[in-house]
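Per this note's numbering, residue 134 is the first one in the sequence shown, and the count goes up by one each step. Okay, so here's the structure we're looking at.
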Amino acid sequence: MSPRKNAPVAGKRPVKKEFREDQTPSSGLFFKTGCVLYAGRSAYQKIEVIDNPAFGRVLFLDGLVQTTDRDEFFYHEMLAHPALTTHPAPRKLLIVGGGDGGLLHQALAYPLERAVLCEIDPDVIEVSRTYFPWLESGLRDSRVEFVQADADAYVRRSGEMFDVILVDSSDPVGPSAVLHERGFFRRLKSRLRPGGIIAAQAGSLLFHLDSLGRTSANLKKIFGLARMYLGPAPTYPGGTWCYHYLSDRSDPFRFYSQPPPGLRYYNREIHEAAFVLPSLLRERLG
Numbered sequence: 134m135s136p137r138k139n140a141p142v143a144g145k146r147p148v149k150k151e152f153r154e155d156q157t158p159s160s161g162l163f164f165k166t167g168c169v170l171y172a173g174r175s176a177y178q179k180i181e182v183i184d185n186p187a188f189g190r191v192l193f194l195d196g197l198v199q200t201t202d203r204d205e206f207f208y209h210e211m212l213a214h215p216a217l218t219t220h221p222a223p224r225k226l227l228i229v230g231g232g233d234g235g236l237l238h239q240a241l242a243y244p245l246e247r248a249v250l251c252e253i254d255p256d257v258i259e260v261s262r263t264y265f266p267w268l269e270s271g272l273r274d275s276r277v278e279f280v281q282a283d284a285d286a287y288v289r290r291s292g293e294m295f296d297v298i299l300v301d302s303s304d305p306v307g308p309s310a311v312l313h314e315r316g317f318f319r320r321l322k323s324r325l326r327p328g329g330i331i332a333a334q335a336g337s338l339l340f341h342l343d344s345l346g347r348t349s350a351n352l353k354k355i356f357g358l359a360r361m362y363l364g365p366a367p368t369y370p371g372g373t374w375c376y377h378y379l380s381d382r383s384d385p386f387r388f389y390s391q392p393p394p395g396l397r398y399y400n401r402e403i404h405e406a407a408f409v410l411p412s413l414l415r416e417r418l419g
């Protein structure tokens, strides 16, 4: 399978251009110089990969930064490891989204028996496989099944149960909007084994306070435990990102396994500190 309307520049002189991501109506992220390695459009979105002197390779979806060589580990480590280290025996994993492979790369450090990556856009997987080769080991692991599907439709029809579900969804617009709704999280909960855990990206501490408060209130009606935690995300809006930790039985401070070796940010002390929320967020969460 190759990306649709593929426009790689391998073997050609790289095209240099400036890249801007509008993160709010009046501010954004600016990459002064970027060599375009890939530019194409899938059935769902525009996909671009650039090589930037400061951040290395950068993946854009519809003009928004998804991952960079320089800082991806902050986001992927903080989404994967809080749930996986506090589950007593994570054997079956579902990843919603995550086609760039970064989250899968982190999760496969655990003794999983099976991991399902549900990604609506297969071109994201193929482009990431080509231009982020450090992800290749995860993308070809025999424990992994790739499901090309809308995640909500997959969860509705699948009878499979999981120990841990990681939700690496895009922003709540277009086909990803449903992945932020209460009904979707109810359906995810129905796919959890007893004691299962869901970790989900929630949004920017600085720019998404209102939606963080609303979503948290809804999730507290669904799960016995609905906590929020924080981590740095330098190239995401505001630089600090929020995550949901959801379960009916799990204790987010009871560890069953050590973090895998070689992590660059996450450790137990970071884990515990991440659940200490700043006052402006506490006020919104009530």
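All C-beta atoms in this analysis are idealised placements derived from N, C-alpha and C, irrespective of residue type, glycine included. As the structure is a prediction and not an experimental result, all values here were calculated from the model.
query, result
"Neighbour-count burial assignment, Val409, 16 or more Cβ in a 10 Å radius", "exposed"
"Check whether Phe164 and Asn185 have beta carbons under 8 Å apart", "yes"
"Opening and closing residue of the beta strand (DSSP E) in which Gly336 lies", "325-337"
"Simplified DSSP state of Pro136, which is helix, strand or coil", "Unreliable positioning characterises Pro136 in this predicted model, as indicated by a pLDDT of 41, which lies under 50. The coordinate reading is nonetheless provided below. Here Pro136 sits in coil by DSSP."
"Short Cβ contact (8 Å threshold) for His214 with Leu236", "no"
"Alpha-carbon spacing of Val169 relative to Val191, whole angstroms", "10 Å"
"DSSP three-state assignment for Phe318, whether helix, strand or coil", "helix"
"Reference Phe356, options Pro370, Leu321, Pro365, Asp343, closest by Cα", "Leu321"
"Proximity of Asp296 and Arg262 at Cβ, strictly below 8 Å", "no"
"Per DSSP, the bridge partner or partners of His404", "Answer is none; His404 lacks a bridge partner."
"Pairwise C-alpha distance: Leu197 and Pro370", "10 Å"
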